[in-house]
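Protein chains in written order, with my numbering: chain A, 1 to 111; chain B, 1 to 166.
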Amino acid sequence: MVPLAWYLVLSAILFCLGIFGFLLKRNIITIFMSIELMLNAVNLTFVAFANYWNEHAKTVAEKVVPLSGQVFVFFVMVVAAAEAAVGLAIIISVFRTRETLNVDRVNLLKL
Amino acid sequence: MIHQILFIIFGVICVAGAVNLLVQRHPINSALSLVVVMGALALIYLLLGAEFVAAIQVIVYAGAIMVLFVFVIMLLNAGEEERSRGSHIALLLGVPGVIALGCLVAWTMLSHNTQLGGVRINTADFGATQPIARLLFRDFLLPFEITSVLILIAIMGAVVLGRRES
């Protein structure tokens, strides 16, 4: 039996590493991968809580509810797939006009 | 006991892959270590009894999305990351802030460890495909249909953005 807290701590560590990547990396593709890492960390929380509530459910009606955590993970994955397709298209489009993948050189909107 | 050992092994693989993603300077190495993270996460989902989620984690995330990433890295011929001065605020405020956030969450969870209880390797067909499908196509039918529209819009957007302007 693994404490639920371990899963949540692992998820928090992955999320923080994702934020670090987002803040510190300069390559636009790596920044995008850090966002995917954060989405994965949140998915882990959903699945862990789904299992947890399934075990602690008492009535039959309560038994159905925890599964919706896993359905939510499904929706997160769908949105992540859509986001990856559009985001990578934007990256290709940026690279075509600016000839660089470094986010510090894509600064036309900056004052 | 075996559950805890397996969790620790896969958790360590996960964190090591995520750290490697940050340390590597070449995007293709980062992409491959992200595949490792996603594979280890799929195994952790299996420990939690979420078979369907583990399967689509491997198929959609480690398969489709990462192939897209690797394809774009190769298409753009992305080289080593350049070292350039980023924002100082990100370094000075962001890093301590994120460390503080992580420590706060970890401390909160671990201090409520006994009240939270634990999870077991699972119980009959929770997270199997059939109950999820029943929930997805009955209770969540409208959101499911809306995601199909979302995917359609994403495809059109990707085509429009990726098209070479003449």
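The beta-carbon is built from N, C-alpha and C at its ideal position, and this holds for glycine as well.
{"Check": "R26(A) and E81(B) - do their beta-carbons sit closer together than 8 angstroms?", "Outcome": "yes"}
{"Check": "Quick check: the Cα distance between I5(B) and G117(B), rounded to an integer number of angstroms?", "Outcome": "18 angstroms"}
{"Check": "Applying the 10 Å Cβ sphere with the 16-neighbour rule, what's the burial state of L46(B)?", "Outcome": "buried"}
{"Check": "Counting along the chain, where does the alpha helix (DSSP H) carrying T100(A) start and finish?", "Outcome": "Looking at the DSSP string, T100(A) is not in any alpha helix (DSSP H), and its letter there is neither H nor E."}
{"Check": "Which residues in the same chain have their Cβ closer than 7 angstroms to the Cβ of R96(A), if we skip the five residues on either side of it in sequence?", "Outcome": "none"}
{"Check": "To the nearest angstrom, how far is the alpha carbon of I44(B) from that of G18(A)?", "Outcome": "19 angstroms"}
{"Check": "Please report the distance separating the alpha-carbon of V149(B) from that of A80(A).", "Outcome": "14 angstroms"}
{"Check": "Could you give the distance in angstroms between the alpha-carbon of M109(B) and the alpha-carbon of F46(A)?", "Outcome": "15 angstroms"}
{"Check": "By the 8 angstroms beta-carbon criterion, what residues does the stretch 84 to 96 of chain A contribute toward chain B?", "Outcome": "A84, A85, V86, L88, A89, I90, I91, I92, S93, F95, R96"}
{"Check": "Of all the residues that make up the stretch 34 to 56 of chain A, which are near chain B by a beta-carbon distance shorter than 8 angstroms?", "Outcome": "S34, E36, L37, N40, N43, L44, V47, A48, A50, N51, Y52, N54, E55, H56"}
{"Check": "Does DSSP put P66(A) in a helix, a strand or coil?", "Outcome": "coil"}
{"Check": "Here's the rule I'm using: 16 or more other beta-carbon atoms within 10 Å means buried, otherwise exposed. How should E99(A) be labelled?", "Outcome": "exposed"}
{"Check": "Does the CB of R26(A) have a neighbour CB from chain B at under 8 angstroms?", "Outcome": "yes"}
{"Check": "If you count every other CB in all the chains shown that lies within 10 Å of the CB of N77(B), and 16 or more means buried, which is it?", "Outcome": "exposed"}
{"Check": "Given a cut-off of 8 angstroms on the beta-carbon distance, is the pair M77(A) and V60(B) in contact?", "Outcome": "yes"}
{"Check": "Would you mind telling me which residues of chain A sit closer than 8 angstroms to I155(B), beta carbon to beta carbon, in chain order?", "Outcome": "A85"}
{"Check": "How long is the line joining the alpha carbons of V95(B) and F20(A), rounded to whole angstroms?", "Outcome": "7 angstroms"}
{"Check": "What are the uninterrupted segments assigned as alpha helix (DSSP H) that are 4 or more residues long and contained completely in the stretch 89 to 161 of chain B, given in chain order?", "Outcome": "95 to 111, 113 to 116, 129 to 138"}
{"Check": "Interface residues of chain A around T147(B) at Cβ under 7 angstroms?", "Outcome": "F75, V78"}
{"Check": "Relative to the C-alpha of M38(B), which candidate in R83(B), I56(B), R25(B) has its C-alpha closest?", "Outcome": "I56(B)"}
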